[in-house]
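**Q** So the protein lines, in turn, are chains A and E. Just so we're aligned, residue 1 is where the first sequence starts under UniProt numbering, counting upward by one. Just so we're aligned, residue 1 is where the second sequence starts under UniProt numbering, counting upward by one.
2 protein chains.
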Amino acid sequence: MAGKRRYEDGCAFAQSLDIVGERWALLVIRELMFGPKRFTDLKADLPGIASNVLTQRLADLEDAGLVVRREMPPPRKARLYDLSTWGRDLGPVLEAMGRWAARSPLLEGGWPLSVSAAMMSLGSMFRSDLAGDFEGVLGLHLSWQDFTVRVARGRIDVEPVRAAAPQVTVTGDQNILLGVLYMKRPLAEARAQGLRIEGDEAVLTRFAACFEMPEPAPRSPA
Amino acid sequence: MAGKRRYEDGCAFAQSLDIVGERWALLVIRELMFGPKRFTDLKADLPGIASNVLTQRLADLEDAGLVVRREMPPPRKARLYDLSTWGRDLGPVLEAMGRWAARSPLLEGGWPLSVSAAMMSLGSMFRSDLAGDFEGVLGLHLSWQDFTVRVARGRIDVEPVRAAAPQVTVTGDQNILLGVLYMKRPLAEARAQGLRIEGDEAVLTRFAACFEMPEPAPRSPA
DNA sequence: CCGAATCCTGTCCGATACTG
DNA sequence: CAGTATCGGACAGGATTCGG
């Protein structure tokens, strides 16, 4: 483990790339953005990552101060990886980058999103101008993870907790849900694909109207 | 060039990492943020990059729609690499990430910054609260690149053009200048190191008061 | 001289198998 | 469950060379 490859650039941004610029690093951070996870959860949520690479990234990120490792007390002998407050501060940056990335000329649909990726994308894609004065509370149950989504005063807030008094509750696969929100697929179709929608459907429909896929960016120079 | 390594993740952010996540890619973009450059300029401004890697990155970034290649008309037969408008839209994202990175617990000084990195850092580190109602126009001449820096209404604007009517003009090495701005080194010391300051020194001193190094972030969990 | 192609070497990544 | 061990292959780094 001798030679770590570094940019040797005084720029703080470049120095952060020495850590978060490694392959998979930012995706690990994305997966931890809504709360701690176990090694196996991370591996399952990041299809394609090799276990040794995940081990290495978690160690590097811990050394850099982004990730904190915690042992659960017995009898639940599980190891949990969580973000430090500083690591969690990357959230808005990842959101901004996601918003930028959504305009990529070569964006390809068709691949699945993890639960965390889907929840991050809500923050990225939400459009204040389309929300207007809409207010609503949604409960999401996506493969054993619960979220509360609140829209009010032109802002969206996604919290990793079970909703107390949601107007509408959605249970099922996050990719089907995003199909409703972003691709404007009819609720009937989503239901046929296994999405369960309970409560006030109109709130979900209005919520979907807060999102709109951006046009791909042109390749012209500035 | 057969096997390109991809995440195969539906998340737009992850797909953008397929391009800008490659080693050196974001630093190439940083270097182009203030205008087009030639291959050789890029190589000089990115100490440590291998020419074949730079070639590869420029080709990948062009394919992805971030970089546009332009030929200069004869007789100056030079090839220029520029950002597309979409590529330049990454500017605020890089600034935000730089602001985050400046709080890294393992941030190391001592390495030089390129001219572009130094100019980006001005946008990252500028603090509206410290600027107050200060207004000023500075002209910077850093190794044959000219910039106009304008502060007004709590905002900073850095443009890659020669200043028309600057209140103060700074000529020399960007690292010495940043020593004045961030590390609060005395002007006399900076002058002794070769920095030339012409015009109203007080404007430069007040400008420096708009910046303050942040405390390194703690490693505690959220 | 600039931009890029072509070596070769070293490091990192990816996949699978295996262990406490 | 949470990693380690191992190995082939992909990519980065550096020097050199070649075409405009």
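Note that the Cβ used here is the ideal one computed from N, Cα and C, for glycine as well.
Can you round the beta-carbon distance between A:Leu107 and E:Ala12 to whole angstroms, since I take them to be within the 8 Å contact cut?
**A** Stepping through the first sequence from its first residue, residue 107 of chain A is reached at position 107. Stepping through the second sequence from its first residue, residue 12 of chain E is reached at position 12. With 8 Å as the limit, A:Leu107 and E:Ala12 qualify as a contact, their Cβ atoms being about 6 Å apart.
**Q** Quick check: is the beta carbon of A:Tyr81 nearer than 8 Å to any beta carbon in chain E?
**A** Locating residue 81 of chain A in the first sequence gives position 81, where the first residue counts as 1. Output row for A:Tyr81: interface = no.
**Q** In its own chain, which residues sit with a C-beta less than 8 Å from the C-beta of A:Ala2, not counting the 5 before and 5 after it?
**A** Counting from 1 along the first sequence, the entry for residue 2 of chain A is found at position 2. In this prediction, A:Ala2 has a pLDDT of 41, which is less than 50 and means its spatial position is unreliable; what the coordinates show is noted afterwards. Around A:Ala2: no qualifying Cβ.
**Q** E:Asp82 lies in the beta strand (DSSP E); which residues open and close that run?
**A** Counting from 1 along the second sequence, the entry for residue 82 of chain E is found at position 82. Taken as a continuous stretch (DSSP letters only), the beta strand (DSSP E) holding E:Asp82 covers 79-83.
**Q** By a C-beta neighbour count over all protein chains shown, 10 Å radius and 16 as the cutoff for buried, is E:Trp24 buried or exposed?
**A** Counted from its first residue, the second sequence places residue 24 of chain E at position 24. Buried: at least 16 other Cβ atoms inside 10 Å.
**Q** Excluding five sequence neighbours on each side, which residues of the same chain lie with their C-beta closer than 6 Å to the C-beta of E:Leu181?
**A** Stepping through the second sequence from its first residue, residue 181 of chain E is reached at position 181. Taken in chain order, the residues that qualify are Ala208, Phe211.
**Q** Report yes if the CB atom of A:Arg70 is closer than 8 Å to the CB atom of A:Leu80, and no otherwise.
**A** Taking the first sequence and counting its residues from 1, one reaches residue 70 of chain A at position 70. Taking the first sequence and counting its residues from 1, one reaches residue 80 of chain A at position 80. It is a contact, given that the beta carbons lie within the stated cut-off.
**Q** From A:Pro218 to E:Val28, what distance separates their C-alpha atoms?
**A** As a working note, residue 218 of chain A is residue 218 in the first sequence. As a working note, residue 28 of chain E is residue 28 in the second sequence. So the alpha carbons of these two residues sit roughly 20 Å apart.
**Q** Hey, how far is the Cα of E:Phe134 from the Cα of E:Arg155?
**A** Taking the second sequence and counting its residues from 1, the one referred to as residue 134 of chain E is at position 134. Taking the second sequence and counting its residues from 1, the one referred to as residue 155 of chain E is at position 155. About 10 Å.
**Q** Does any residue of chain E bring its CB to less than 8 Å from the CB of A:Phe211?
**A** Taking the first residue of the first sequence as position 1, residue 211 of chain A is located at position 211. By this cut-off, A:Phe211 is not an interface position.
**Q** How far does the alpha helix (DSSP H) with E:Gly179 in it reach, from first residue to last?
**A** Working through the second sequence from its first residue, we reach residue 179 of chain E at position 179. That run of the alpha helix (DSSP H) goes 174-182.
**Q** When you compare the CB of A:Ala2 with every CB in chain E, is at least one pair closer than 8 Å?
**A** Working through the first sequence from its first residue, we reach residue 2 of chain A at position 2. Because the pLDDT of A:Ala2 is 41, which lies under 50, any placement of that residue in the model is unreliable, and the question is left without a value.
**Q** Can you give the Cα-Cα distance for E:Asp63 and E:Met33, rounded to whole angstroms?
**A** Here the question's residue 63 of chain E lines up with position 63 in the second sequence. Here the question's residue 33 of chain E lines up with position 33 in the second sequence. Roughly 18 Å separates the two Cα atoms.
**Q** Tell me the DSSP bridge mates of A:Arg196?
**A** On the first sequence, residue 196 of chain A is found 196 positions in, with the first residue counted as 1. DSSP lists A:Thr171 as partners of A:Arg196.
**Q** Is A:Ala102 helix, strand or coil when you go by DSSP?
**A** By 1-based counting over the first sequence, the position of residue 102 of chain A is 102. Here A:Ala102 sits in coil by DSSP.
**Q** My output table needs one value for residue 272 of chain E: the three-state DSSP class, helix, strand or coil.
**A** The requested residue 272 of chain E does not occur in the structure, where chain E is confined to residues 1 to 222.
**Q** Show which residues of chain E have a CB atom less than 9 Å away from the CB atom of A:Asp89.
**A** Against the first sequence, residue 89 of chain A aligns to sequence position 89. In chain order: Trp100, Arg103, Ala217.
**Q** Where do the ends of the beta strand (DSSP E) carrying A:Phe211 lie?
**A** Residue mapping note: residue 211 of chain A aligns to position 211 of the first sequence, counting from 1. It is not in any beta strand (DSSP E) - A:Phe211 carries neither H nor E in the DSSP assignment.
**Q** According to a CB-to-CB cut-off of less than 9 Å, which residues of the segment 172-199 of chain E neighbour chain A?
**A** So the list reads Asn175, Leu178, given in the order they occur along the chain.
**Q** Taking A:Ala59 as the query, report the chain E residues whose CB atoms sit under 8 Å from its CB, ordered along the chain.
**A** Walking along the first sequence from the start, residue 59 of chain A turns up at place 59. The premise fails here: A:Ala59 is roughly 14 Å from chain E at the closest Cβ pair, so nothing lies under 8 Å.
**Q** For E:Glu22 and A:Leu122, I'd like the C-alpha separation in whole angstroms.
**A** Residue 22 of chain E sits at position 22 when you count from the first residue of the second sequence. Residue 122 of chain A sits at position 122 when you count from the first residue of the first sequence. Approximately 26 Å, taken between the alpha carbons.
**Q** Quick test of the definition: if touching needs 3 or more C-beta pairs under 8 Å, does the segment 185-192 of chain E touch the segment 111-131 of chain E?
**A** No, the segment 185-192 of chain E is not in contact with the segment 111-131 of chain E.
**Q** Give a yes or no on whether the minimum CB-CB distance between E:Thr85 and chain A is below 8 Å.
**A** On the second sequence, residue 85 of chain E is found 85 positions in, with the first residue counted as 1. Yes, because at least one Cβ of chain A sits closer than 8 Å to the Cβ of E:Thr85.
**Q** Just verifying my parser: in three-state terms, what is the DSSP assignment at E:Glu201?
**A** Working through the second sequence from its first residue, we reach residue 201 of chain E at position 201. E:Glu201: helix per DSSP, three-state reduction.
**Q** Which runs of the alpha helix (DSSP H) fall wholly inside the segment 120-160 of chain E and span at least 4 residues, in chain order?
**A** Complete alpha helix (DSSP H) runs here, min 4: 128-131.
**Q** Can you give me, in chain order, the residues of the segment 143-161 of chain A that have a beta carbon less than 9 Å from any beta carbon in chain E?
**A** So the list is empty, because no residue satisfies the distance condition.
**Q** Decide if A:Thr169 is buried, meaning its Cβ has at least 16 other Cβ atoms within 10 Å, or exposed.
**A** For the purposes of this step, residue 169 of chain A is taken as the residue at position 169 of the first sequence. Burial call: buried.
**Q** Would you kindly check if the distance between the Cβ of A:Met120 and the Cβ of A:Gln94 is under 8 Å?
**A** For this step, residue 94 of chain A is matched to residue 94 along the first sequence. For this step, residue 120 of chain A is matched to residue 120 along the first sequence. The residue you asked about is not Gln; residue 94 of chain A is Leu in the sequence shown. Cβ atoms of A:Leu94 and A:Met120: closer than 8 Å.
**Q** Just list the residues that DSSP pairs E:Val20 with in beta bridges.
**A** Translated into positions along the second sequence, residue 20 of chain E becomes position 20. Per DSSP, none; premise fails for E:Val20.
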